[in-house]
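So the sequence shown is numbered by the working numbering: it starts at 16 and just counts up by one.
All remarks here apply to the structure that follows.
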Amino acid sequence: MEHFVQAAESPTLDEPWRELHWGEKQKNFQYVQKYMPEKDDIRYLRVLLYGPVGAGKSSFINSVSNVLRGRMTIPALASATTSDKSFTKKYETHKLIKGRGSSKTFYPVVFNDIMGLEDGDSRGVHADDIKLALRGHVKEGHKFNPVSPLTQDDPGYNPTPSADDRVHVLVCVMSANAPQIKSSVLEKMSRVRETASDLGIPQMAMMTHIDEACGETEMDLRNVYKSKHLRKKMKDFSAAVGIPMNCIFPVKNYSEEIDLNDDVDILILSALRKIIDFGDDFIEKI
C-alpha cells in the first residue's frame with residue numbers, strides 16, 4: 016500500500032490574479048499630478064469615504080497625502096487606537112497640498128470622511144446623513160449626531176448645493192483584518208449604496224490592513240494579489256455589500272513607518288488613479 020504525503024497547501028497562488036505593474040509608480044503619480052476636472056463649475060473631484068468604525072478611513076487620507084507629497088504628513092487626524100467608537104465626528108473636507116512655498120496649490124481631488132458606521136441605531140453616523148452628504152447638503156464642519164440625523168432646519172444643512180459640493184465617488188473603506196461586518200452595519204451600508212446608485216454615483220471599496228490579515232503579504236507586499244486569504248476576503252466582502260471585485264482595491268495605510276515605501280505607494284496610487292477615472296466619468300455626465 017502506497018502512502019501519499021499530503022503537501023501543505025500553499026497560502027499563495029503561483030500567479031497573481033490581478034496584474035499590477037509595480038514599477039510604474041512614477042507613471043501613476045504623473046497621471047494624478049496632471050488630472051483636472053473638465054467642467055468649469057467643478058474645481059474638486061469629491062470623494063466620500065464611509066465604512067465600519069476603525070476601518071482606516073482617516074489613515075487612508077493621510078496615506079494618500081504622504082504619497083502625493085513624497086513625505087510623511089498628517090492632514091486628517093487619525094486615532095491610533097482602533098476602537099469601537101468613531102474618531103471622526105465632523106464633516107470635513109481634506110484637501111491635498113501640491114507644491115511648496117509660494118507655488119503651493121491644492122490637488123483637484125478632495126476627500127470627505129465621516130463618522131464610522133456602528134452597530135445599533137443611536138451610534139455612529141446615521142445612513143440618512145450620508146445620503147444628504149452624497150447630494151451635497153451637509154455643510155463643512157457639521158457635527159454628526161448619531162441620535163438625530165440632519166434636517167432641513169439645521170444650521171449644518173446646505174439647501175442649495177453646487178456641483179462642487181456633491182460627491183463624485185463613494186468609497187467604502189473596510190478592514191481585511193476585521194471580523195465579519197455586523198448585519199445592522201451592512202444594512203446601513205446597503206441603504207447608502209442604494210442612494211448612490213439612484214444618483215448614479217460610482218462606488219468603490221478599499222480593503223485596508225492587508226499586511227495584518229495575511230502573513231505572506233506582511234513579508235512582501237507584492238504577494239497581495241497572490242494571497243488566497245485576501246482574495247477570499249475580497250470575494251466575501253463583494254458578496255456581502257454588492258461591490259464588484261474589479262472595484263475593490265487592497266491597500267496598506269501608512270501607520271508605523273517613518274519613511275515612504277514604493278510598494279505601499281504603488282498600491283495607493285493605483286487605487287487613486289481608479290478613483291479619479293470613476294469620478295471623472297461621473298463629472299462628465301452631470
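A virtual CB, placed ideally from N, CA and C, is assigned to each residue, including glycine.
Taking residue i as the reference, which of the options has the closest Cα?
i       : options                            : result
Gly-1   : Ser-270, Met-204, Asp-213          : This structure cannot settle anything about residue 1, because the visible part of the chain is limited to 16 through 301.
Asp-56  : Lys-119, Arg-181, Cys-262          : Arg-181
Leu-236 : Gly-294, Val-266, Val-188, Glu-107 : Val-266
Val-47  : Lys-105, Asp-29, Arg-150, Gly-294  : Gly-294
Pro-26  : Ile-258, Leu-245, Phe-297, Asp-277 : Leu-245
Arg-288 : Pro-123, Lys-105, Tyr-65           : Pro-123
Arg-33  : Ser-242, Ala-254, Ser-270          : Ser-242
Gly-171 : Asp-179, Gly-85, Tyr-106           : Tyr-106
Asp-179 : Pro-52, Thr-232, Ser-137           : Pro-52
Glu-133 : Ile-273, Lys-104, Thr-232          : Lys-104
Is residue i near residue j, with beta carbons less than 9 Å apart?
i       : j       : result
Pro-31  : Gly-131 : no
Asp-143 : Pro-164 : yes
Val-188 : Phe-297 : no
Lys-54  : Ile-301 : yes
Met-4   : Lys-250 : Residue numbering for the chain in the displayed model covers 16 to 301; residue 4 lies beyond these limits and cannot be assessed.
Ile-216 : Leu-149 : yes
Leu-60  : Tyr-240 : no
Gly-151 : Asn-173 : yes
Leu-64  : Val-186 : yes
Just how far apart, CA to CA, sit residue i and residue j?
i       : j       : result
Ile-89  : Asn-77  : 6 Å
Gly-69  : Val-200 : 13 Å
Glu-227 : Asp-292 : 29 Å
Asn-127 : Met-87  : 20 Å
Ser-177 : Gln-45  : 29 Å
Glu-209 : Val-184 : 14 Å
Arg-58  : Cys-262 : 25 Å
Leu-111 : Leu-284 : 14 Å
Lys-119 : Ser-80  : 14 Å
Pro-194 : Ala-211 : 26 Å
Thr-97  : Lys-197 : Note that Thr-97 scores 48 on pLDDT, short of 50, meaning its location in the model is unreliable and no value can be drawn from it.
Val-82  : Ile-290 : 15 Å
Asn-268 : Leu-275 : 11 Å
Tyr-50  : Arg-206 : 31 Å
Thr-108 : Ile-145 : 14 Å
Ser-270 : Ile-129 : 20 Å
Asp-169 : Gly-139 : 19 Å
Gly-85  : Lys-113 : 11 Å
Ala-254 : Leu-214 : 22 Å
Ala-23  : Phe-252 : 27 Å
Asp-29  : Glu-272 : 29 Å
Gly-230 : Ser-190 : 15 Å
Gln-167 : Glu-202 : 24 Å
Arg-115 : Phe-121 : 10 Å
Glu-299 : Ile-258 : 22 Å
Asn-238 : Ser-117 : 42 Å
Thr-175 : Ala-286 : 31 Å
Thr-232 : Ser-137 : 37 Å
Please check the pair residue i and residue j, which I expect to be a contact at CB under 8 Å, by giving their CB distance rounded to whole angstroms.
i       : j       : result
Val-125 : Val-62  : 7 Å
His-224 : Asn-192 : 4 Å
Phe-264 : Met-219 : 7 Å
Lys-248 : Met-222 : 7 Å
Can you find at least 3 beta carbon pairs, one from the region 272-284 and one from the region 33-43, that sit closer than 8 Å? The region 272-284, when compared against the region 33-43, does touch it at the 8 Å Cβ threshold.
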